[in-house]
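K.L.:
Quick note: the sequence shown, position 198, residue 197 per numbering that gives the first Met the number 0, numbers continuous. A virtual CB, placed ideally from N, CA and C, is assigned to each residue, including glycine.
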Amino acid sequence: MNRREFIKGTIFAVAAAAGLCPPAFGRSLALPKGECRDSAVRDNLPELLGINDIREADVFLDTGDLPVLASVVARLKRLRRTMGYGNFSLMGFDDAMSNAAAYSSIGAFTRNEVVFLERLFYEDASLYGFLGEKKLSGITDTIRLKRIVKIQGTGNCLYNGKPLATYEKIKADVGKDAVLTSGIRGIVKQMLLFLDKAVNHGGNLSLASRSLAPPGYSYHGVGDFDVGKIGFGVANFTERFTTTRVYSSLVDTGYVKLRYTRGNRLGVRFEPWHIKVVAS
Ligand SMILES: [Zn+2]
0 MNRREFIKGT IFAVAAAAGL CPPAFGRSLA LPKGECRDSA VRDNLPELLG
50 INDIREADVF LDTGDLPVLA SVVARLKRLR RTMGYGNFSL MGFDDAMSNA
100 AAYSSIGAFT RNEVVFLERL FYEDASLYGF LGEKKLSGIT DTIRLKRIVK
150 IQGTGNCLYN GKPLATYEKI KADVGKDAVL TSGIRGIVKQ MLLFLDKAVN
200 HGGNLSLASR SLAPPGYSYH GVGDFDVGKI GFGVANFTER FTTTRVYSSL
250 VDTGYVKLRY TRGNRLGVRF EPWHIKVVAS
């Protein structure tokens, strides 16, 4: 398809953002001094805090696409609710289509919605500023269930082999309060995470891609995973995680090698909870 067609008329954020956003590095930090365990994290906080700002070159979906964006997100959420979070995390695109059609509580994806999802998936994400490498190249790529193992008590799965071995070693080295917070994600789950962020920010694809890899681009599809502290809930995915013993232990034992470092060329936020397993 024609790329221009996908984003035509969408590069209007320049005017909207001008003058509204304070400079990313000019703000004061939200956390008091001394709360961060190392200077690398402290240096990264402005970047972390700026991820939801609209930036000058941000690329938005065409306003004509906003209704289909909203309907797709709502249907994916109904799919997740009906099929369960665990199944949804591993679901492939074809299964998502057939499950939606089979359950009246979800409802079949419309032709418009399918075309939209295909366009989004095959669009070059660098057009909206995401420079990462595509890890799953086909929209119907699936996770081979024979290769994965369920991690008890977490609702998440990991690939057998290096990812599972790495997680087990982390539990042994860091302690029992370290827990898997996000494992394998299939294309459909990554679609929902990414599009939900976009729908909450007016179709701003650049902003969404600063905190979430677009579908197909996530290393969670091929082996990477996230670790947090038991009982810390969603705070495991905020800078507050860097104040925990689990985090400092992950750093001390060399597990947090930071897939996404400050000012990273992928434009994705710094993620101190992300464990890199797959070589890039
Ligand atoms: Zn991650």
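Run through DSSP, which three-state label would Asn98 get?
P.N.:
Taking the first residue of the sequence shown as 1, we reach residue 98 at position 99. Helix.
K.L.:
On the DSSP letters alone, give me the boundaries of the beta strand (DSSP E) that Phe280 sits inside.
P.N.:
Residue numbering for the chain in the displayed model covers 0 to 279; residue 280 lies beyond these limits and cannot be assessed.
K.L.:
So, for Val250: in the same chain, excluding its five sequence neighbours on each side, which residues have a beta-carbon less than 6 Å away from its beta-carbon?
P.N.:
Residue mapping note: residue 250 aligns to position 251 of the sequence shown, counting from 1. Correct list: empty, nothing qualifies.
K.L.:
Residue ranges of each alpha helix (DSSP H) run of no fewer than 4 residues wholly in the region 80-157, ordered along the chain?
P.N.:
Within the region 80-157, the complete alpha helix (DSSP H) runs of at least 4 residues are 84-89, 92-101, 110-121.
K.L.:
Helix, strand or coil for Thr241 per DSSP?
P.N.:
The residue given as residue 241 occupies position 242 in the sequence shown. Residue state, collapsed to three classes: helix.
K.L.:
Between which two residues does the beta strand (DSSP E) containing Ser217 stretch?
P.N.:
Working through the sequence shown from its first residue, we reach residue 217 at position 218. Segment: none, Ser217 is in no beta strand (DSSP E) and carries neither H nor E.
K.L.:
Distance check for Leu60 and Leu68, CA to CA, integer angstroms please.
P.N.:
Taking the sequence shown and counting its residues from 1, the one referred to as residue 68 is at position 69. Taking the sequence shown and counting its residues from 1, the one referred to as residue 60 is at position 61. Their backbone Cα atoms lie some 9 Å apart in a straight line.
K.L.:
Assign Val58 to one of three DSSP states: helix, strand, or coil.
P.N.:
Your numbering for residue 58 matches position 59 in the sequence shown. Coil, per DSSP.
K.L.:
Looking at His200 and ligand 1, is the gap between the Cβ and the nearest heavy atom below 6 Å?
P.N.:
For the purposes of this step, residue 200 is taken as the residue at position 201 of the sequence shown. Checking every heavy atom of ligand 1 against the Cβ of His200, none is found closer than 6 Å.
K.L.:
Relative to the alpha-carbon of Val148, which residue among Gly160, Gly137, Gly128 has its alpha-carbon at the smallest distance?
P.N.:
As a working mapping, residue 148 is identified with position 149 in the sequence shown. In terms of CA proximity to Val148, Gly160 leads the group Gly160, Gly137, Gly128.
K.L.:
Considering only heavy atoms of ligand 1, list every residue whose Cβ is less than 5 Å from one of them, following chain order.
P.N.:
Asp225, His273
K.L.:
Can you tell which of Asp223, Glu238, Asn86 has its C-alpha closest to the C-alpha of Tyr158?
P.N.:
One-based indexing of the sequence shown puts residue 158 at position 159. The option with the nearest alpha carbon to Tyr158 is Asp223.
K.L.:
Can the beta-carbon of Gly185 be found closer than 7 Å to that of Gly91?
P.N.:
For the purposes of this step, residue 185 is identified with residue 186 of the sequence shown, where counting begins at 1. For the purposes of this step, residue 91 is identified with residue 92 of the sequence shown, where counting begins at 1. Yes, the Cβ-Cβ distance between Gly185 and Gly91 is below 7 Å.
K.L.:
Ignore the nearest five residues each way along the sequence and tell me which others in Gly230's own chain have a CB closer than 6 Å to its CB.
P.N.:
Numbered from 1 along the sequence shown, position 231 holds the residue referred to as residue 230. Excluding residues within five positions, none has a Cβ falling inside 6 Å.
K.L.:
Alpha carbon to alpha carbon, what distance is there between Arg74 and Asn111?
P.N.:
Locating residue 111 in the sequence shown gives position 112, where the first residue counts as 1. Locating residue 74 in the sequence shown gives position 75, where the first residue counts as 1. Computed Cα separation, rounded: 13 Å.
K.L.:
Considering only their Cβ atoms, is the gap separating Gly182 from Asn155 smaller than 7 Å?
P.N.:
Numbered from its first residue, the sequence shown carries residue 155 at position 156. Numbered from its first residue, the sequence shown carries residue 182 at position 183. Yes, Cβ-Cβ distance for Asn155 and Gly182 is below 7 Å.
K.L.:
Can you tell me whether Arg143 is buried or exposed? The criterion is at least 16 other CB atoms within 10 Å of its CB, across all chains shown.
P.N.:
In the sequence shown, residue 143 corresponds to position 144, counting from 1. Label assigned to Arg143: exposed.
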